[in-house]
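In the numbering used here, the protein residues as written are 102 to 236. Backbone N, C-alpha and C define an ideal beta-carbon position, used for all residues, glycine too. Since this is a predicted model, take the numbers as computed values, not measurements.
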């Protein structure tokens with residue numbers, strides 16, 4: 102019986118290799134697979150409506166190391182969500198933007214943003230109530 106192939110079956114030493122075909126039956130699983138990396142959804146959100154250079158993305162996500170950010174960008178490019186454009190100038194200039202497919206995920210990102218805002222407000226309210234009770 103054939104083993105179900107997943108991304109975990111790929112050789113992790115070379116993420117640039119062609120991905121192993123993955124069977125997805127659950128739409129949420131398929132979406133999470135595409136945008137579920139540590140910074141992937143944040144990268145997509147930052148690229149919504151604008152083109153950014155690597156240094157601008159780094160400033161927008163100071164906790165992301167250059168190595169991790171590069172890997173996440175390559176994954177998003179490989180999956181067809183992000184376009185990487187290299188300009189033949191010295192020093193090299195590289196810009197990242199969303200593809201049409203990448204722009205199609207905007208409603209999902211906006212829903213995540215709205216949910217996150219509500220969550221953070223509720224968390225702050227609970228923390229304030231806890232502080233008030235101890236004072």
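- In the three-state scheme derived from DSSP, where H, G and I count as helix and E and B as strand, residue 139 is classed as coil.
- For residue 149 against residue 199, the beta-carbon gap comes to about 7 Å, under 8 Å, which counts as contact.
- Under the DSSP assignment, residue 209 falls in the alpha helix (DSSP H) whose first and last residues are 207-235.
- Per DSSP, residue 195 is one residue of the beta strand (DSSP E) stretching across 194-199.
- Here the C-alpha atom of residue 165 lies approximately 9 Å from the C-alpha atom of residue 139.
- Taking all protein chains shown into account, residue 141 has 16 or more neighbouring C-beta atoms within 10 Å of its C-beta and is therefore buried.
- Per DSSP, residue 170 has no beta bridge partner at all.
- For residue 153, the three-state secondary structure derived from DSSP is strand.
- Closest in C-alpha terms to residue 136, from the list 155, 187, 215, 182, comes 182.
- The three-state secondary structure of residue 129, taken from DSSP, is helix.
- Residues of the same chain with their beta carbon placed closer than 7 Å to that of residue 129 are lacking, with the five preceding and five following residues left out of the count.
- Rounded to the nearest angstrom, the gap between the Cα atoms of residue 151 and residue 235 is 46 Å.
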